[in-house]
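Residue numbers (the numbering used here): 69 to 242. Even glycine gets a Cβ: it sits at the ideal position worked out from N, Cα and C. Down below is the structure, laid out as structure tokens.
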């Protein structure tokens with residue numbers, strides 16, 4: 069299994085108890101719908117399979133997990149901070165009409181006043197809103213993804229048209 073044949077779901081954040089139980093922190097949005105019988109941990113730039121013995125999903129994007137043959141805190145401790153992957157064939161199907169702000173990564177941003185700004189490289193979720201990061205010729209421009217600023221989204225052409233507040237783009241051009 070290589071990283072190309074898999075997708076990232078999160079990382080082991082800490083151990084729990086003395087019997088090898090660990091906390092898995094999910095960075096994958098639909099973690100409740102994942103089918104996890106075997107996961108792959110990135111160890112020395114290689115993906116190593118670990119078979120799940122037990123898993124208890126939590127509401128805060130975490131799960132408590134135990135792996136087969138990891139039955140002591142010392143065996144679990146070496147896995148802390150390791151990235152966790154699943155095989156590509158375990159990727160849950162999404163309804164084509166289920167569009168999310170995170171799907172905007174790779175879209176070209178066009179502002180009504182400044183024209184073409186660049187491509188969205190990242191979308192982060194904050195407590196109150198989503199924020200897009202745009203690569204503007206080597207500089208990063210960040211703006212909130214709110215209905216007030218978005219004029220239109222073209223999914224076919226992968227273009228998002230925005231009306232950014234006056235002065236925002238100028239801040240990043242300096």
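Residue i, buried or exposed, once every other Cβ within 10 Å from all chains shown has been counted against 16
i: residue 209; result: buried
i: residue 238; result: exposed
i: residue 122; result: exposed
i: residue 94; result: buried
i: residue 74; result: buried
i: residue 85; result: exposed
i: residue 88; result: buried
i: residue 230; result: buried
i: residue 219; result: exposed
For residue i, the three-state DSSP class (helix, strand or coil)
i: residue 100; result: helix
i: residue 170; result: helix
i: residue 145; result: helix
i: residue 216; result: coil
i: residue 157; result: helix
i: residue 176; result: strand
i: residue 185; result: strand
i: residue 82; result: strand
Beta carbon of residue i nearer than 8 Å to that of residue j
i: residue 79; j: residue 152; result: yes
i: residue 125; j: residue 150; result: no
i: residue 120; j: residue 138; result: no
i: residue 83; j: residue 144; result: yes
i: residue 187; j: residue 199; result: no
i: residue 92; j: residue 131; result: yes
i: residue 221; j: residue 154; result: no
i: residue 244; j: residue 147; result: The structure shown does not extend to residue 244, since the chain spans only 69 to 242, so no value can be given for it.
i: residue 115; j: residue 71; result: yes
i: residue 226; j: residue 170; result: no
For residue i: DSSP bridge partner residues
i: residue 210; result: 201
i: residue 117; result: 108
i: residue 125; result: 131
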